Amino acid sequence: TYKGTVVRPPKKAEHITVMLHKPAGFVTTTSDDQGRPCVTDLLSELNVRLYPVGRLDMNSTGLLLLTNDGELANLLTHPRHHVSKVYHGTVGGEITPTQLRQLSAPMTIDGYRLQPVKVNCLRAYEHASVLEMTLREGRNRQIRKMCDALGLHVLSLHRVSLGPIVLGHLPLGKFRRLAPTEVEALKQAARKAAQPDNQQKTKGGRDVSC
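Shown next, in the form of C-alpha cells:
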C-alpha cells in the first residue's frame, strides 16, 4: 500500500498470436510509405497491435504469423533457430530431373552458401510444374533466386506450413488465433532447431521474404 491506497502492478499485456492466410498484393509490414495494403489491414477487427514474424514478399501467399509475443518472434526469426518452412511453388515449364537435383543441392546465392533444400515435384504439366520446397533458413527471396539461377520462372509461391503449424483450409485473407498449445509447440520447435555451430555463419540472416 501507499498512503493507505492499495497499489497494484500494471496488468501484463496479453500475448496474442494469429495465423493469417496472406493474399497476394499485401506487403508484410505494419505500414507502407507507398500506400500499398499491409497485412495488418486484414486484422483490423482485433483492435490490438501485432507484428509480422518473418516475411512473405508482396506476390507470395500463404501462412504468415503475426504476434505481440516478443519471445516467440525472436525464437522464430533468430538465425540460430532453423524452423522448417514448406512452400508450394509453381514454375513455368516442365522441370527436369537435373534441375530438381540442382535445387536440392547446396547453392551459393548472393555470396552466401545456402543450406540444402528438400525439393519434390508434386505435379508436372507441359507448361508448368508444382514443387514442394522445405527450407530450414529464410534468406531474402531465396526460392525465387534459386529458381532464377537455374532459369526457372516462378509463377506463384505459397507457404503451407511453419514448423508444426499448418495453414490447412483457412480461407484466403482470413486469420485465426493460435491456441496456447500451438504457440508452445512453435517455441519448442525453435529451441529444438537451434544450431549453435551455425550462429556465427548466419549472423544477420534473420528470416526475410520468400
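To convert, take the position in the sequence shown, counting from 1, and add 34; that gives our numbering.
Built from N, CA and C at the ideal position, the CB exists for glycine as well.
Bear in mind the structure is a predicted one, so any value in this text is a computation, not a measurement.
When the five nearest sequence neighbours on each side are left out, the beta carbons in the same chain lying within less than 7 Å of the beta carbon of E160 are those of E128, in order along the chain. Between L191 and S94, the CB-CB gap stays under 7 Å. Straight through space, the alpha carbons of V82 and H122 are spaced by roughly 31 Å. Ranked by Cα distance from S138, the options A219, P131, S118 and K152 are led by K152. Secondary structure of S138 (DSSP, three-state): helix. Secondary structure note for E166: its beta strand (DSSP E) is the uninterrupted segment A162 to L169.
Assignment of T95 by DSSP, reduced to helix, strand and coil, places it in the strand class. Between V120 and T168, the CB-CB gap stays under 7 Å. Closest in alpha carbon position to G145, among K179, L99 and L77, is K179.
Counting along the chain, R173 sits inside no beta strand (DSSP E), nor does DSSP assign it H or E at all. Contact between H55 and L206 holds, with the beta-carbon distance rounding to 5 Å and staying under 8 Å. Comparing alpha carbon positions, the residue from S163, D75, E216 and G197 closest to A227 is G197.
For V52, the enclosing beta strand (DSSP E) stretches over residues T51 to K56. Fully enclosed beta strand (DSSP E) runs of no fewer than 3 residues occupy 188-196 and 209-211 of the region 172-234, in order along the chain. By a beta-carbon distance limit of 8 Å, L90 does not contact L100. Their separation comes to about 11 Å.
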